[in-house]
Amino acid sequence: MSSALTDRQWLWIAAEFYLVVFLTGTFAQVRGRPHSSVFNYLLMVVGYTCQLMGLFLRGRAVGGCPLGNYFEILQFTAWSATTLYLVIGVTFRSSMLGYFTACLTAALSIVSLAIPSWDATRRTGIFGGNPWIEFHAALALFSYGVFALLALTSLMFLLRNYSLKSKRVGGWFSFLPSILDLDHIGVRLLGAGVTILTISLAVGAAWWLRKTESVDVLKILATVAVWAAAAVVLGLRLGRKLLAGRFAWTCLVLFAAALLSLWAVNASRHPASPAATAVVKS
Amino acid sequence: MNEPGLFVIGATHHTAPIEVREKLSLGAEAAASLHAELGTMPGLREFALVSTCNRIEFYGVAETAEAAVCVQAAFCARQRFTVEEFEKFRLSLRGRHAVQHLFEVASGLDSQMLGETEIFGQVKEAYAAAQARRSAGPVLNRVFQKTFQAAKMARTHSAITEGRVSVANVAVDLAVNIFGDLTGTRVLLLGAGEIGEKTAKAFQGRGATGLTVASRRLERAMELATSLGAGALPFEHREAKLADFDVVVGSTSAPDLVVSHGATTAAMRKRPDRPLFFIDLALPRDIDPAVAGLQNVFLYNLDDLAKIAERNRAAREAEISKCRALLTERAAALWQQVEPQIGLLSRPGAGGSPDRLSTPDKVSPA
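Top to bottom, those sequences are chains A and B.
Numbering-wise (our numbering), the first sequence opens with residue 1 and increments by one.
Numbering-wise (our numbering), the second sequence opens with residue 1001 and increments by one.
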C-alpha cells in the first residue's frame, strides 16, 4: 500500500482534526451550548483514521510497531486513548469525554510533532523480529493510553464534584456526566489498564527471564513501579478505601507517573537483537 | 373583533386572575358540548379550542363579521358569565397576530412558567380534538401544523426551554447530575408537606421508584405514602436507616435538625462509594449544614435551589426576544400563505356549505 503523504503528514492531519474537535468544543462551552456529539465523534473518527494511516506507514518503515522514540511512543499513546474513547464514548454517550480526549490527543500529537529531535532517530527492528516482545511493548503502551483516558475521566469527575459542592451547576458544567457514571467509568478503566499492563508485563517477563541482560534495571523498575502503583490504587478503590475526589486525584498522579516512566523506558532501550536493528537518522 | 377571517378570543393568565380562570375553565363534557354547539354556528367555518389551567382560547376562521361575537356569546352563556364582564379579561387577536400568538403559546413563550414544554402537548391535543370533531379545516390545519414546526424550531434554536425553573425540578436535575439514571435511586422524604410531596412527585416523574415517606405523624406518612405509591418509615428510624437511601428530602416543620452530622457520618461509613444527596426544603433547616463537608455528600437547601431556579428563569427571559424574532418571521411567512386562502372564504359561493362545519371537504389537510 503506497501513500502520497508521508507518515508525519498523516499524523499532522490527524492532529489537526483532534484540534478542530477541541476548538469547536471550547467554542461551544464558551457559548454555553452543547456541542454536536455526533459531528465531533465523526471528526474524531476521521482524525483517528489519519493517525492510524500515519502509524501504519511508520510501522512499515521501521519494520514493527512504531515505538522506537518519544515521538512514536506519544503518538501511539494518543492513538490508544482515542481507540478507547471511540468505544467508550458510544457506550456512555459522553460528548465531554470526546472533548477532553480531543484536547489530550491534540496536545500529545502536536507536541510530539513539533519537537523534531524526538523523531530525529528512527530505530528499525527494535523488537529483533520477536513478535512477543512487540506484543508486550504494544500492550504496555496501550495500557498507558487507558491511563490517559482514566486521567481525563478523573479530571471530569473533579470538575463535576467541584461544581456540585460549590453549587455552580450551570454553564458548561451541565454537560458533564454524573458523578456516579464518572466513578464507574474510572474504576472500569483502571481495571482494564491494570489487566492490560499485567498481561504485557507477564509476556515481557517470560522473555526477560530467558535473557536477563537484555533489559535495563531502570526500565524494569519504572514499568513495575507503574504497574504496582496502578494495582494498589485499584485494590484500594475496590476495597472502598480510596474514593471519590481522592481516587480521582490519585488517578491523575498515576497517569503523570506513567508518562514519566516512558522516559526511563525509552532511555534504557536495548535492541532485542543488535544484528536485526538499524538506526535511521531522519 | 367584528371582521371575518382568522381570530382568537379567550382569556389567559396574562389577562385574567386565577379566580376568573376558574370560572372560565371548561371540563371535558362542557368542552364537548360547546364544540357541538359551535359546530352548528352560522358563519364559523373552522375552530379549535385550547383549554389549559392557564388559558381558554378559541381559534376560529369566520366567514362573517358576527361569527366571533357569536362564539364569545355562546361561551359566556355556557359559563354563566356576562359578555361585559368577560370583555374585561378578554384576549382578542386577529389575522397575523392570532398566528403569532398561537406560535408563542405552543413554544412556551406565553406560558406562566416561561419555556415550559407541556403546553406544546396541550396544543397538539387541542388540534387533535378539533380534527376528530371535524372542526379544523384547510386554514386551521395549515396554521396548527406550521405552529408545531415553528415551536420545535424555536426550542431548537433558542435556550427558551433550557434549565429548570421550579425548585422541585431543579432538585431532580441535581440528583441526575449525581446519580445519572434515577431508576434505581432510593428517595427518603422527611415530612409530609406540600413542597416535599411536589419534590417526591418530580422524582417519580423522572423514574425514581424507591420512595419512602417518614413523618412525625405516622398516619400522615402512611396517607401520603399510599397516595404516592411509596413505603412509610417510622420517623424515629430515619437516621438509623439513612444508609439505605441515596436522596433525602427534608421538608418537616420541626424546630430542630432532624438529620445530624454524626448520623450522616455513620451512614457514609456503610456506603462510602455511593453519594448521598440531601435536599433541605425546610425552614428551619432539617439537615445539619456540616454534612456538606463530608466526602461524597451533597447538600442543597431551599435558597440554593431557588437561586439556581432564578438563574435559569433569567436565562430563559434573556432568550425571549430572540425566540420572538424567530417566531415573528415564521408567522409573517405563514400569514402570507394563509391570508389569500381566508380571502377566498368571504367570496360568495366559496367551497362547501357556508353554514355548517361538519362537512367532509373541510377536514382534508392543507
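Here a beta-carbon is modelled for each residue, glycine too, at the ideal position from N, C-alpha and C.
Below-9 Å beta-carbon distance, Lys1198/B vs any chain A residue: For Lys1198/B, the answer is no, since every Cβ of chain A falls outside 9 Å of its Cβ.
Secondary structure of Asp1280/B, DSSP reduced to three states: The answer is strand: DSSP assigns Asp1280/B an E or B state.
Neighbour flag for Asn1169/B against chain D, beta carbons, 9 Å: Any reference to chain D falls outside this structure, whose protein chains are A and B.
Minimum Cβ-Cβ distance from Ala229/A to chain B less than 9 Å: For Ala229/A, the answer is no, since every Cβ of chain B falls outside 9 Å of its Cβ.
Buried or exposed by the 16-neighbour rule on C-beta atoms within 10 Å, applied to Tyr1127/B: Flag for Tyr1127/B reads buried.
Cβ of Ala968/B within 9 Å of any chain A Cβ: Only positions 1001 to 1366 of chain B appear in the structure, and residue 968/B is not among them; the question remains open.
Listed by chain order, chain B residues near Lys219/A by CB distance under 8 Å: The premise fails here: Lys219/A is roughly 36 Å from chain B at the closest Cβ pair, so nothing lies under 8 Å.
Straight-line gap, Phe1058/B to Leu1093/B (C-alpha atoms, nearest Å): Their backbone Cα atoms lie some 11 Å apart in a straight line.
Integer Cβ distance of Ala1068/B from Ala1062/B, believed to fall under 8 Å: Contact between Ala1068/B and Ala1062/B holds, since their C-beta atoms are separated by about 5 Å, short of 8 Å.
Buried/exposed call for Glu72/A, threshold 16 Cβ in 10 Å: When all chains shown are included, Glu72/A counts as buried.
Listed by chain order, chain A residues near Tyr1300/B by CB distance under 8 Å: Residues of chain A with a Cβ closer than 8 Å to the Cβ of Tyr1300/B are, in chain order, Lys167.
Backbone secondary structure at Arg1186/B - three-state DSSP: The answer is strand: DSSP assigns Arg1186/B an E or B state.
Chain-ordered neighbours of Ser37/A on chain B, where CB pairs are closer than 7 Å: Taking a Cβ-Cβ cut-off of 7 Å, Ser37/A has no neighbours in chain B, whose nearest Cβ is about 15 Å from it.
Closest by C-alpha distance to Ala1230/B, when choosing among Ser1253/B, Arg1330/B, Phe1203/B, Ile1320/B: Checked all of Ser1253/B, Arg1330/B, Phe1203/B, Ile1320/B; the closest Cα to Ala1230/B is Phe1203/B.
Contact with chain A by Val1187/B, beta-carbon distance below 9 Å: No - not a single Cβ of chain A is within 9 Å of the one on Val1187/B.
Terminal residues of the alpha helix (DSSP H) in which Ser1158/B lies: The continuous stretches of alpha helix (DSSP H) do not include Ser1158/B, and DSSP gives it neither H nor E.
Given Thr1212/B as reference, the closest of Asp1181/B, Ala1232/B, Gly1193/B once Cα atoms are compared: For Thr1212/B, the nearest C-alpha among the options comes from Ala1232/B.
Beta strand (DSSP E) segment containing Val1297/B, residue limits: 1297-1301 is the span of the beta strand (DSSP E), which, as asked, contains Val1297/B.
Option in Ala1132/B, Gly1115/B, Ala1309/B with minimal Cα separation from Gly1039/B: For Gly1039/B, the nearest C-alpha among the options comes from Ala1132/B.
Rounded Cβ spacing between Phe22/A and Tyr99/A (contact assumed at less than 8 Å): Between Phe22/A and Tyr99/A the beta-carbon gap is near 7 Å, inside 8 Å, which marks them as a contact.
Beta carbon proximity, Asp1361/B to chain A, threshold 9 Å: In this prediction, Asp1361/B has a pLDDT of 36, which is less than 50 and means its spatial position is unreliable; nothing more can be read from the coordinates.
Beta carbon of Glu1239/B nearer than 9 Å to that of Ala1263/B: Going by C-beta atoms, Glu1239/B is nearer than 9 Å to Ala1263/B.
Residues bridged to Ser1051/B (per DSSP): Answer by DSSP bridge pairing, in chain order: Ile1056/B.
Where Gly1210/B sits in the DSSP three-state scheme: Here DSSP, grouped into helix, strand and coil, assigns Gly1210/B to strand.
Contact between the region 1159-1173 of chain B and the region 1215-1224 of chain B (3+ Cβ pairs under 8 Å): The region 1159-1173 of chain B, when compared against the region 1215-1224 of chain B, does not touch it at the 8 Å Cβ threshold.
Within chain A, partners of Phe1203/B - CB distance below 7 Å: Here the premise fails: no neighbours, minimum Cβ distance about 15 Å.
Rounded separation between Ala78/A and Gly186/A - CA only: In a straight line, the C-alpha of Ala78/A is about 18 Å away from that of Gly186/A.
Beta-carbon proximity list for Ala1016/B, same chain, < 6 Å, skipping 5 on both sides: Phe1089.
Cut-off 8 Å between Cβ atoms - residues of its own chain near Leu238/A, not counting five sequence neighbours on either side: Once the five neighbours on either side are set aside, the close Cβ partners of Leu238/A are Val187.
Below-9 Å beta-carbon distance, Ile199/A vs any chain B residue: Ile199/A does not count as touching chain B.
Any chain B beta carbon closer than 9 Å to Leu189/A: With 9 Å as the cut-off, Leu189/A does not count as an interface residue toward chain B.
Val1071/B versus Ala1065/B - alpha carbon distance: If you take the alpha carbons of Val1071/B and Ala1065/B, they lie about 11 Å apart.
Pair within 9 Å by beta-carbon distance, Gly1250/B and Gly1191/B: Yes, Cβ-Cβ distance for Gly1250/B and Gly1191/B is below 9 Å.
Cα-Cα separation between Leu329/A and Ser109/A, rounded to whole angstroms: Only positions 1 to 282 of chain A appear in the structure, and residue 329/A is not among them; the question remains open.
Gln178/A: contacting residues in chain B (beta-carbon distance under 7 Å): The question names Gln, but residue 178/A in the sequence shown is Ser. Per Cβ cutoff of 7 Å: Val1176, Asn1177, Ile1178, Phe1179, Gly1180.
Alpha-carbon to alpha-carbon, Leu150/A and Val1172/B: Those two C-alpha atoms are separated by around 28 Å.
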